[in-house]
Amino acid sequence: MWEGGQYNGDEKPRLDALRLAMELGADYIDVELKVASSSSSFFLKLEARFKKIYIYIN
Amino acid sequence: MASSPSAAAAVGMGSGGVRRNPTLICTPIMADSVDKMAILMAEAKSVGADLVEIRLDSLKDFNPNSDIKTLILHSPLPTLFTYRCLTYIPLFVSFSFFDFSFYFFLIIVVGQCGKVVSIMAMKNRDWMRFD
Chain A
1 MWEGGQYNGD EKPRLDALRL AMELGADYID VELKVASSSS SFFLKLEARF
51 KKIYIYIN
Chain B
1001 MASSPSAAAA VGMGSGGVRR NPTLICTPIM ADSVDKMAIL MAEAKSVGAD
1051 LVEIRLDSLK DFNPNSDIKT LILHSPLPTL FTYRCLTYIP LFVSFSFFDF
1101 SFYFFLIIVV GQCGKVVSIM AMKNRDWMRF D
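In structure tokens, the structure reads:
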């Protein structure tokens, strides 16, 4: 199930904001595993720059 | 930095001193403005958090470029950025027909940033599910 948030817009601006946070020097980025299939280029960039922590939310 | 008594301080995980426990404490920061987030981030540090989870989805009138820059600049702790979607929202759509003995009821469940996750229809009291 989805951990509840408040964002109710399109996926692209959401990922653009997270990508921007990465470019501006965020230490960690929280990205859902489904992003790997919907935006693989962003996911690969993240994989190259960050260590991974896998979180299972039930 | 002086810390108020907290679980984090009790296990020696404040911003100063020797760390005895490798577990990090991450504090979610939720507020409707960047200014309020800055206050909460300072508070998180004062009680011994190791990093802050900045919940971008809680901001009203979010301007990614300036807001993210400001948040990184003003954070006294390492930052974790989260931009989380709404939970599943069921949309109820009903149709009525000329004959009231027959009715059709449709539920479309939308989640994960607008993606339709489930469609259920009820026709004459029998539910059908299309995933």
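First to last, the sequence lines map onto chains A and B.
When the count follows my numbering, it moves up by one through the first sequence with no breaks and lands on 58 for the last residue.
When the count follows my numbering, it moves up by one through the second sequence with no breaks and lands on 1131 for the last residue.
All C-beta atoms in this analysis are idealised placements derived from N, C-alpha and C, irrespective of residue type, glycine included.
Cβ neighbours of residue i in the same chain (closer than 6 Å, five flanking residues each side left out)
i                  : result
Ile-1053 (chain B) : Checking the sequence shown, residue 1053 (chain B) turns out to be Glu, not Ile. For Glu-1053 (chain B), where only same-chain residues beyond five positions count, the Cβ hits under 6 Å are Cys-1026, Pro-1028, Leu-1080 and Thr-1082.
Lys-1060 (chain B) : Asp-1032
Thr-1023 (chain B) : none
Asn-1067 (chain B) : The residue you asked about is not Asn; residue 1067 (chain B) is Asp in the sequence shown. Closer than 6 Å at Cβ, skipping near neighbours: Val-1034.
Asn-1063 (chain B) : none
His-1074 (chain B) : Ala-1038
Spatially closest choice to residue i from the options, by CA coordinates
i                  : options                                           : result
Thr-1070 (chain B) : B:Leu-1024, B:Ile-1039, B:Arg-1084 and B:Ser-1046 : B:Ile-1039
Ser-39 (chain A)   : A:Lys-12, A:Tyr-7, A:Lys-52 and A:Gly-4           : A:Lys-12
Ala-17 (chain A)   : B:His-1074, B:Ser-1075 and B:Asn-1065             : B:Asn-1065
Lys-52 (chain A)   : A:Gly-9, A:Gln-6 and A:Glu-32                     : A:Glu-32
Leu-1076 (chain B) : A:Asp-27, A:Tyr-56 and A:Ala-48                   : This sequence places Pro at residue 1076 (chain B); Leu is not what is there. Ranking the options by Cα distance to Pro-1076 (chain B), first place goes to A:Asp-27.
Gly-9 (chain A)    : B:Asp-1057, B:Ile-1072 and B:Leu-1073             : B:Asp-1057
Leu-15 (chain A)   : A:Ser-41, A:Ala-48 and A:Tyr-56                   : A:Ser-41
Arg-19 (chain A)   : A:Gly-4, A:Phe-50, A:Gly-5 and A:Gln-6            : A:Phe-50
Gln-6 (chain A)    : B:Ile-1072, B:Leu-1073, B:Arg-1055 and B:His-1074 : B:Arg-1055
Close-in-space but distant-in-sequence residues of the same chain around residue i (CB under 7 Å, 5 per side omitted)
i                  : result
Ala-1007 (chain B) : The pLDDT assigned to Ala-1007 (chain B) is 44, lower than 50, so where the model puts this residue is not dependable; a value taken from the coordinates is nonetheless given after this. Within the same chain, Ala-1007 (chain B) has no close Cβ partners at all.
Ala-21 (chain A)   : Ile-29
Ala-36 (chain A)   : Phe-43
Pro-1078 (chain B) : Leu-1051
C-beta neighbour in chain A for residue i, strict 8 Å
i                  : result
Leu-1024 (chain B) : no
Beta-carbon proximity list for residue i, same chain, < 8 Å, skipping 5 on both sides
i                  : result
Leu-46 (chain A)   : Met-22, Ile-29 and Val-31
Ile-1072 (chain B) : Thr-1079
Ala-1049 (chain B) : Ala-1008, Ile-1025, Cys-1026, Thr-1027 and Leu-1077
Residue-level contact to chain B via CB, residue i, 8 Å cutoff
i                : result
Arg-14 (chain A) : yes
Tyr-7 (chain A)  : yes
Leu-46 (chain A) : no
Ala-17 (chain A) : yes
key: Contact list for the segment 1057 to 1083 of chain B against chain A, Cβ threshold 8 Å   = Asp-1057, Ser-1058, Phe-1062, Pro-1064, Asn-1065, Ile-1068, Lys-1069, Ile-1072, Pro-1078, Thr-1079, Leu-1080, Phe-1081, Thr-1082 and Tyr-1083
key: chain A contacts from the segment 1032 to 1057 of chain B (Cβ-Cβ distance under 9 Å)   = Leu-1051, Glu-1053, Ile-1054, Arg-1055, Leu-1056 and Asp-1057
task = Return the residues of the segment 21 to 32 of chain A that lie within a Cβ-Cβ distance of less than 7 Å from chain B, sorted by chain order.
result = Ala-21, Leu-24, Gly-25, Ala-26, Asp-27, Tyr-28, Ile-29 and Asp-30
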